[in-house]
Amino acid sequence: MATPALENQPQYLAEATKKVKEQGFYMKRAMDASDLKGALQHASDMLRELRTSLLTPRNYYELYMKVLDELHHLDDFFSGLCASGTQASELYEKAQACGDVLPRLYLLITVGAVYIKSRQAPAKDILNDLVEMAKGVQHPMRGLFLRNYLAQACKDKLPDAGSEYEGHGGDVSDAVDFVLQNFSETNRLWVRMQNQGAKNERKRREKERQELRILVGTNLVRLSQLDGVDVGCYVETVLPRLLEQVVNCKDSIAQPYLLDCIIQVFPDEFHLATLESFLTTCTQLRDKVNVRVILEAMMRRLASGARDAHQDGGGAVAAPVKAFAAFNSCATKLVEEKKGAIELGELLKLQGALLEFAIECYPGRLDYVNHCFGTCAAVLHASRPAADGEAPAPLDDGDAEELERCLSLPLGPAIGLTGVLELGLFGTLVAYLPWKRRKDVSLSLVKCVLAAGEPLDSVDAVERLFAMIAPLLRDGGDAEKPPGPDDPPPPPAADGEREQILVSRLAHLMVNDDTDATFKVLGCARKHFGQGGLQRIKHTLVPLVFRALDLSRKIRKVEAAGEAKLQYSSRKVFQFVHEIVTAMAGSFPALSLHLFLQCAQEADAAGLGAIAYEFVSQAFILYEDELPDSKAQLQALHLMVGTLLQASGFDAPDYDALATKTTQYAAKLFKKPDQCRMVATCSHLFWSGPPPAAPPKPEGDLLDDDGDDATAPADEPAAAPGDARRVLECLQKSLKIADACMTSSSSPINLFVEILDHYVAHFEKKCPTTTAKFITGIVALINEHVDNMENGRGDVEAHYKNTLARIKTREIIALA
Amino acid sequence: MHRKKVLLKVIILGDSGVGKTALMNQYVNKRFSASYKATIGADFLTKEVMIDDDKLVTLQIWDTAGQERFQSLGVAFYRGADACILVYDITQPKSFDNLDSWREEFLVQASPPDIENFPFIVLGNKVDRENDRRVSKAKAHSWCKSKSSAPLQYFETSAKEAVQVEAAFQEAAQLALSQENTEADFLPETINLGVPSAGGVAKSSCC
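Listed in order, the protein sequences are those of chains H and Y.
Just so you know, the numbering used here puts 228 at position 172 of the first sequence, and the rest follows in order with no gaps.
Just so you know, the numbering used here puts 190 at position 52 of the second sequence, and the rest follows in order with no gaps.
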């Protein structure tokens, strides 16, 4: 076969096209003059252009299309002649007069179609004649196009069931025979191309074959368009003959292509009826053929059919009941027969395709998923035998990606926690992945469980789930390379943090109506989280603390009702959180201090004053020993004051000790302005407001050295409960510190205003020591400073004005 | 008289599975089959259509493969088209997004004489599945407006239930007629029949 020169293609095509148009023009002119002989002559000359060997398949196709446009006119012309009395057989004779084979056959086909349409002879006879005569062209490319024209010109003239040519013209089996025969011949020509021409041009030839393949495939489209081809006919005749052709052509380009076409052009119900014979053929192909791709295409097709049928509510296609078993046994057979010849990655891809199919077509059938996982495990084990306790040789990246995909496939929204826990081999398979992928796939699993929101309500469930997501729960660098003793785990990056936040959210699924069960679940979670190392526990243990505090509230309710006998009391729960927070305290003092105070509030609310006191003391110890900087100290003090103000269950001496301690810490803050503000804030620890109808007990108890006041009537401001003396001490101390902040260049007027606010607040709360005298005094002090204030302190001035306005409108005191 | 008949070539384009073959079958044969059968290459059906109550034209409707691997010989059949029908599936946003590339590819390959005004019509198919709709009418309309000075004609069709199919093809035929491609004809005056041509026949080998 001559090789078309690529650089001259446009020229060759242009010249041939010009000829076609020229001859087409004269042909039409002859037709207009009703000159049959002339029309045939010019048509032959035009068709002769198709004998070229200069064009590549694509350009030949373009030329062929132009010729077909012209032949359309010829068809009209012949039809007109027949309609006006010319015998079709006579035209058929005349067309044969053309000397060259190729033009003659094109003409014959054109006339033949008209002949069939005229119904002057049975369709089957003419079709048979044409398909036989076309054998006269054995040049592959020309033959392929000629047969394409044959199929196209006759497509609406086949004696198909229900067609006007049925009966006298033959029946559907004639139609099928015609198309199948044309298909076989087409395929033969196409396969033969492979062995023609020089060896060193094989690449190019294969490329040309790939381009020409649609000419073979269109025959299958014709078959699928025949109405007479029903399931029965397909099972009995069509598919067996197609598959025979596929197997016998022994061509590794034709085999996958033809099977792909079969999959795509015939409807699902046909495939379901013939799945086994199709799959058997798949095991009889050339070794070079990638069977996985074929199986995958079939599974995708059937899965999408099942999906559409599901959407339409019922639909045409029954669920492919036995399909999974059929695909699975085909896959198994492939592995057995081609042991070693199929690469691991391909095997994993095949299982991935099976999994996808199973998940799409049989939602909820986790046994199928587990079956595929089992196959994956067997395949991996065979490819990487590892002694007990030894890590298997690592997968290469492509294989690892496939395995990760297999593992992720079932983790859709539908599976839920219950389903996930049934995936028994998940952990085994994950172990084959490199560490990064293990984490990724574990994370998908966590997301899936979180999205489903099913409660993690038993120790067993937690144990199983945590075993599956183990790569997220502890460091695993050792799986790849054992870290040396001086080799600290690398600090987790930002995505490590996101990952641990997701893991920590699992805590919120740990609910069970049974408080004892919940406690055990939390205990189990703590055991696992606790081994995660510092970077994990700071995220994972915190929600456990809050879950436990929540549990303590529930237990209290049950305890109060006194109905059930509980194994774990709320006291036990506080002990549990105490242990958790204590374990974190050394590494995360600020966070732990916060948690201790949180626990203290909860214990206080539970009426467990002693326990609350213990939590606060722990917080204070952390404050003294561990807090890293003054900023953390300041934040901690705010929390401490807040907690103490909130608390109601401390014994008086305890409260007094804690309030005093807090005030002392405030006075020792590093920065003067912080000291000033915090000490002023602490004043509130000693006076909590005007007494309600009955004086609140704790504050009353606080008065140890000023006991006289405590006994005074509640409606008398001076005799209100509280330690008014210490309120004043705090405020005076605060003023003193503010004064010490004075420098030559700036005055701490903002601090003065803030202190004024505190005075006013206490005055309003009827604290007997913060008298009007003090307020007037500070106002005078501030006024003095305002006069000397430099520009640019508008905010302070505004604040001050607001305070004054408040004093005035609420008629707190009369100011000058 | 056989050559007086006007032949109009209309090409249907769109992603795989949007219903190109089904639309053509519904229009030409009044039939619909629910099962998906891929098209390989390109294939046409013809239908005689009456336009403006007095002009009988033959519509040659080209159905094409939406899957690229079934179009391995290229798209030579775009040439000489008189109109193009772009189809997407209202339940598949991707098929709508791809209309742009189908349109551009068509204009490049068919290279019609008047690219600006070449008649396209747009079909949003599968309105029988309104509940699964994922491309709004408004979105389709605004795409149609954005493509030329006069907005492209837009139809919401169902090949399954024969909704607007007739109207859409009728409109395509009408537009095609107003635009009929005249590029194809050969002008004999320029040819000197005495001189043998350099290419084609002379160099071709025998069968």
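Just so it is clear, CB atoms sit at the ideal spot from N, CA and C, and this is done for glycine as well.
Remark: C-beta atoms of H:Cys-732 and H:Ile-838 do not approach each other more closely than 9 Å.
Neighbours of Y:Ala-214 in chain H, taken as residues at a C-beta separation under 9 Å, are given in chain order as Arg-114, Asn-115, Tyr-117, Glu-118, Leu-119, Tyr-120, Met-121 and Lys-122. Contact fails between the stretch 192-205 of chain H and the stretch 172-184 of chain H, because fewer than three Cβ pairs, one in each stretch, are under 8 Å apart. Close to Y:Ser-233, with beta-carbon spacing below 8 Å, lies no residue of chain H; the smallest spacing is near 14 Å. By the CB criterion at 9 Å, H:Leu-331 and H:Ala-382 fall inside the cutoff. Under the 9 Å criterion on CB atoms, H:Val-277 is classed as interfacial with respect to chain Y. Rounded to the nearest angstrom, the gap between the Cα atoms of H:Val-435 and H:Ala-656 is 56 Å. Pairing H:Val-277 with Y:His-279, the inter-Cα distance amounts to about 35 Å. In the structure shown, H:Asn-204 adopts helical secondary structure according to DSSP, grouped into three states. Chain H places no beta carbon closer than 9 Å to that of Y:Gly-262, leaving this residue out of the contacts. Between the stretch 494-508 of chain H and the stretch 469-485 of chain H there are three or more inter-stretch CB-CB distances shorter than 8 Å, so the stretches are counted as touching. Boundaries cannot be given for H:Gly-468, as no alpha helix (DSSP H) includes it and DSSP labels it neither H nor E. For Y:Leu-146, not one C-beta of chain H is nearer than 9 Å to its own C-beta.
Interface flag for Y:Thr-202 against chain H is unset, since no Cβ pair is found closer than 9 Å. The contact set of H:Arg-248 on chain Y, defined by CB atoms closer than 8 Å, is empty, because the minimum CB distance reaches about 15 Å. Restricting attention to beta strand (DSSP E) runs no shorter than 3 residues, the stretch 187-242 of chain Y encloses them at 193-202 and 221-227, ordered along the chain. Taken through DSSP and simplified to helix, strand or coil, H:Ser-704 comes out as coil. When DSSP states are grouped into helix, strand and coil, Y:Glu-299 belongs to the coil group.
Sequence-distant partners of H:Val-303 (beyond 5 residues in either direction) whose C-beta falls short of 7 Å from its own C-beta, in its chain, are Thr-337 and Gln-340. Fewer than three beta-carbon pairs drawn from the stretch 249-260 of chain H and the stretch 148-158 of chain Y are found closer than 8 Å, and the two stretches are therefore not classed as touching.
Looking only at Y:Ile-189, Y:Asp-181, Y:Phe-208 and Y:Ser-274, the smallest Cα-Cα distance to Y:Val-144 is reached by Y:Ile-189.
Remark: C-beta atoms of H:Met-696 and H:Val-672 approach each other more closely than 9 Å.
A direct Cα-to-Cα measurement between Y:Thr-184 and H:Lys-213 gives close to 14 Å. About 32 Å separates the beta carbons of H:Cys-154 and H:Ser-229, which is beyond the 8 Å limit, so they are not a contact pair.
Going by DSSP, H:Leu-741 is part of no alpha helix (DSSP H) at all; its letter is neither H nor E. Proximity of the stretch 621-633 of chain H to the stretch 558-575 of chain H meets the contact definition, three or more beta-carbon pairs being nearer than 8 Å. For the pair H:Glu-412 and H:Leu-465, the CB atoms are nearer than the 9 Å cut-off. Taking C-alpha positions only, H:Ala-703 is separated from H:Leu-653 by approximately 10 Å.
In this structure, Y:Leu-161 places its C-beta atom within 9 Å of the C-beta atom of Y:Ile-223. One thing to note: H:Leu-124 has its Cβ no nearer than 9 Å to the Cβ of H:Tyr-68.
The shortest C-alpha to C-alpha distance from H:Cys-428 to any of H:His-437, H:Ala-414, H:Tyr-418 and H:Pro-441 is the one to H:Ala-414. In the DSSP assignment, Y:Gln-291 forms a beta bridge with Y:Ile-259. Between the stretch 852-863 of chain H and the stretch 254-273 of chain Y there are fewer than three inter-stretch CB-CB distances shorter than 8 Å, so the stretches are not counted as touching. Just so you know, the alpha carbons of H:Ala-169 and H:Val-272 end up roughly 21 Å apart.
Taken atom to atom, the span from the alpha-carbon of H:Ala-870 to that of H:Thr-832 is near 9 Å. Membership of H:Lys-864 in the alpha helix (DSSP H) is indicated by the continuous run 850-865.
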